[in-house]
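Asker:
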Amino acid sequence: MATRRSSRRATAGGKRRDDSPREPLRPLTGQAKGQQLQELLEDLVSSSEPGDKLPSERELAARYGVARMTARGAIDRLVSQGLVHRIHGQGTYVSEPRVAQPASLTSFTEDMVTRDMTPSSIVLAQEVVPATGPIALQLQLAAGEPVLRLERIRRGDDDPIALERSHLPARRFPGLESVDLAARSLYETLATDYDCEPATSEQQIAAVALTDAEAHLLHVPTATPALRIERTTRARDGGVIEFVRSVYRGDRFELRTHQHRKAGTSRAEPDDAP
Ligand code: GLP
87 MATRRSSRRA TAGGKRRDDS PREPLRPLTG QAKGQQLQEL LEDLVSSSEP GDKLPSEREL
147 AARYGVARMT ARGAIDRLVS QGLVHRIHGQ GTYVSEPRVA QPASLTSFTE DMVTRDMTPS
207 SIVLAQEVVP ATGPIALQLQ LAAGEPVLRL ERIRRGDDDP IALERSHLPA RRFPGLESVD
267 LAARSLYETL ATDYDCEPAT SEQQIAAVAL TDAEAHLLHV PTATPALRIE RTTRARDGGV
327 IEFVRSVYRG DRFELRTHQH RKAGTSRAEP DDAP
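Residues in the sequence shown are numbered consecutively from 87, following my numbering.
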């Protein structure tokens, strides 16, 4: 799948322009014209801005000498990759890029800033409650001990991107229930106000479809594909400081990982036989 150039900057509010990106007439030849056209369109999207209009199926068919069905199939694949979206009766437009979360332990605020987006949150719940059994287990507390329950809609350039439900041990962070976490980063608050820096985390990631309630809060249709991420975070002293269940819109978010292969792993074992 095409990765958009990092120079592309997200435009707030999904501004729409009506000037279609222009390409010279370039008939495609040989096999797999649909695949070739898809690659050309991925390239076009990578150099476009969110809200730019794609040429119509008819224009693509004429420009590249392919059947309209072929043009439609190539656009369909771009739609399913989340690179573009159709607006009924108007055309196909370049979508907002996904926000990438790197493999390192970053906060939502940092992920947005890296993408040149303005982070903000809507706080749905921020209260101290007794830990239920499962939450106590995750936070390594006894059931009934006080925990801060924090539920936030996380936004980038005012667009809702994720829904996060966090629990933190309330005794370790007294007063956190009164901090304005609509405007401030949780991780920055923990470091500045409590001298506690998140140091390591474990994450479990799964593909899910958003429930009615989640989709409503994230302003997308029910059953939109999403990533469910559960994170358990520890401080430098090894204590568990948060357990978070989040859902991130699949069309606006991706995870990047970096793999390291142990040297010598691919080498065949020498035969034992003399
Ligand atoms: C990410 C993580 C959460 C963490 C949050 C802190 O979204 N998935 O586990 O609580 O960042 O974000 P911030 O410091 O911006 O409030």
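Note that beta-carbon positions come from the ideal geometry of N, C-alpha and C, so glycine has one too.
Between Y273, F339, T115 and S142, which lies nearest to S127 when the distance is taken from Cα to Cα?
Answerer: Working through the sequence shown from its first residue, we reach residue 127 at position 41. The sequence as given places Leu at residue 127; Ser does not occur at that position. When only C-alpha atoms are compared, the closest one is S142.
Asker: If you run the structure through DSSP and keep just helix, strand and coil, what is A299?
Answerer: Along the sequence shown, one-based indexing puts residue 299 at 213. DSSP places A299 in helix when its eight states are reduced to three.
Asker: How long is the line joining the alpha carbons of G325 and S287, rounded to whole angstroms?
Answerer: The count along the sequence shown starts at 1 and reaches residue 325 at position 239. The count along the sequence shown starts at 1 and reaches residue 287 at position 201. Going from the Cα of G325 to the Cα of S287 covers about 11 Å.
Asker: Please classify M198 as buried or exposed, where buried requires at least 16 other C-beta atoms within 10 Å of its C-beta.
Answerer: Here residue 198 refers to the residue found at position 112 when the sequence shown is read from its first residue. So M198 counts as buried.
Asker: Just to check my reading of the structure: R314 and Q187 have Cβ atoms closer than 8 Å, yes? What is that Cβ distance to the nearest angstrom?
Answerer: By one-based count along the sequence shown, residue 314 stands at place 228. By one-based count along the sequence shown, residue 187 stands at place 101. Between R314 and Q187 a beta carbon distance of about 14 Å is seen, past the 8 Å cut, so the two are scored as non-contacting.
Asker: Can you tell me the Cα-Cα spacing of A309 and G336, whole angstroms?
Answerer: The count along the sequence shown starts at 1 and reaches residue 309 at position 223. The count along the sequence shown starts at 1 and reaches residue 336 at position 250. Taking the straight line joining both Cα atoms gives about 11 Å.
Asker: Name the one or two DSSP bridge partners that E213 has.
Answerer: The sequence position of residue 213 within the sequence shown is 127, counting from 1. Beta-bridge pairing links E213 to R235.
Asker: Quick one: is the Cβ of L272 within less than 7 Å of any heavy atom of the ligand GLP?
Answerer: Mapped onto the sequence shown, residue 272 falls at position 186. At least one heavy atom of the ligand GLP is nearer than 7 Å to the Cβ of L272, so yes.
Asker: Three-state secondary structure (DSSP) at P260?
Answerer: Residue numbering aside, residue 260 sits at position 174 when the sequence shown is read from its first letter. Coil.
Asker: Indicate whether at least one CB of chain B lies closer than 8 Å to the CB of L304.
Answerer: This model lacks chain B altogether, as it is built from one protein chain only.
Asker: Count the other C-beta atoms from every protein chain shown that fall within 10 angstroms of the C-beta of M155, then say buried if there are 16 or more, exposed otherwise.
Answerer: Here the question's residue 155 lines up with position 69 in the sequence shown. Answer is exposed; the Cβ neighbour count stays below 16.
Asker: In three-state terms, what does DSSP make of D245?
Answerer: By 1-based counting over the sequence shown, the position of residue 245 is 159. Three-state result, D245: strand.
Asker: I need the straight-line Cα distance from D298 to H305, nearest angstrom please.
Answerer: Here residue 298 refers to the residue found at position 212 of the sequence shown. Here residue 305 refers to the residue found at position 219 of the sequence shown. For D298 and H305, the distance between alpha carbons rounds to 10 Å.
Asker: Let's test the definition: count the other Cβ atoms within 10 Å of the Cβ of S352 and tell me whether it reaches 16, buried, or not, exposed.
Answerer: Counting from 1 along the sequence shown, the entry for residue 352 is found at position 266. S352 should be labelled exposed.
Asker: Using the C-alpha atoms, what's the distance from G242 back to M203?
Answerer: Walking along the sequence shown from the start, residue 203 turns up at place 117. Walking along the sequence shown from the start, residue 242 turns up at place 156. Using only the alpha carbons, I get a separation of about 6 Å.
Asker: For the ligand GLP, is there a heavy atom less than 7 Å away from the beta-carbon of T310?
Answerer: On the sequence shown, position 224 is the one that residue 310 refers to. Flag unset: Cβ of T310 not near the ligand GLP.
Asker: Confirm, please, whether the CB-CB distance from Q224 to E263 is below 8 Å.
Answerer: Taking the first residue of the sequence shown as position 1, residue 263 is located at position 177. Taking the first residue of the sequence shown as position 1, residue 224 is located at position 138. Contact flag unset, no.
Asker: Within the region 122-174, note down every full beta strand (DSSP E) run reaching 3 residues or more, in order along the chain.
Answerer: 170-173
Asker: Just to confirm, are P136 and E182 a CB contact at a threshold of 8 Å?
Answerer: Counted from its first residue, the sequence shown places residue 136 at position 50. Counted from its first residue, the sequence shown places residue 182 at position 96. Yes, these two residues count as a Cβ contact at 8 Å.
Asker: Assign V152 to one of two classes, buried (16 or more other C-beta atoms within 10 Å of its C-beta) or exposed (fewer than that).
Answerer: Here residue 152 refers to the residue found at position 66 when the sequence shown is read from its first residue. With 16 or more Cβ atoms within 10 Å of its Cβ, V152 is classed as buried.
Asker: Please say whether E231 and A248 have beta carbons closer to each other than 8 Å?
Answerer: As a first step, residue 248 is located in the sequence shown; it is residue number 162 there, counting from the start. As a first step, residue 231 is located in the sequence shown; it is residue number 145 there, counting from the start. Taking 8 Å as the Cβ cut-off, A248 and E231 do not qualify as a contacting pair.
Asker: For T178 and R172, which I take to be in contact (beta-carbon distance under 8 Å), what is that distance rounded to the nearest angstrom?
Answerer: Here residue 178 is taken as the residue at index 92 of the sequence shown, counted from 1. Here residue 172 is taken as the residue at index 86 of the sequence shown, counted from 1. That pair is a contact at about 5 Å.
Asker: For D104, count neighbouring Cβ atoms within 10 angstroms of its own Cβ and tell me buried if that reaches 16, exposed if not.
Answerer: On the sequence shown, residue 104 is found 18 positions in, with the first residue counted as 1. Confidence in D104 is poor, its pLDDT being 41 and thus under 50, which makes the residue's placement unreliable; the coordinate value appears in the next sentence. That one is exposed.
Asker: Would you say the beta carbon of E78 is closer than 7 Å to some non-hydrogen atom of the ligand GLP?
Answerer: Because the chain in this structure spans residues 87 to 360, residue 78 falls outside the shown range and cannot be described.
Asker: Rounded to whole angstroms, what is the Cα-Cα separation between S190 and E274?
Answerer: Residue numbering aside, residue 190 sits at position 104 when the sequence shown is read from its first letter. Residue numbering aside, residue 274 sits at position 188 when the sequence shown is read from its first letter. If you take the alpha carbons of S190 and E274, they lie about 16 Å apart.
Asker: Do L140 and V170 have their C-beta atoms closer together than 8 Å?
Answerer: The residue labelled residue 140 in the question sits at position 54 within the sequence shown. The residue labelled residue 170 in the question sits at position 84 within the sequence shown. Yes, these two residues count as a Cβ contact at 8 Å.
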